[in-house]
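Beneath this line is the structure, given in structure tokens, with notes to follow.
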Amino acid sequence: MGDVSSSDTPLKATFKLRLNGETVTLATVGQAYRFITNINAVEWMEFRSLHDDAVRALEKAADNAMLTVQATNALRTLFVRAKLL
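Quick note on this note's numbering: the sequence shown kicks off at 442 and runs consecutively.
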């Protein structure tokens, strides 16, 4: 597996999230991976299973662009449950 955080593989949707008053745009696997792994793990504790699913999906999508649909869906589910979307 390559470096997931530097992957330029585009997601199937671009996510625009408001966090601390600023808009964060996530359009690639690498951007999404950095976003969900750089936030303190405690922040995701309530959504641990969904977070783990999204991380695994992004790792797979970084190696195989055909899996970006699953990664995008996993992110959407996580963000909706976390009320970021």
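Heads up, the beta-carbon is just placed ideally off N, CA and C, and yes, glycines get one too. This one's a predicted model, so the numbers in the text were calculated from it and none came from an experiment.
- Under the DSSP definition of a beta bridge, residue 456 partners with 467.
- Between the C-alpha atoms of residue 517 and residue 526 there is a straight-line separation of about 8 Å.
- One thing to note: residue 470 has its Cβ within 9 Å of the Cβ of residue 452.
- Residues 477, 485 and 519 of the same chain have their beta carbon placed closer than 8 Å to that of residue 492, with the five preceding and five following residues left out of the count.
- One Cα belongs to residue 509, the other to residue 499, and the distance between them is close to 7 Å.
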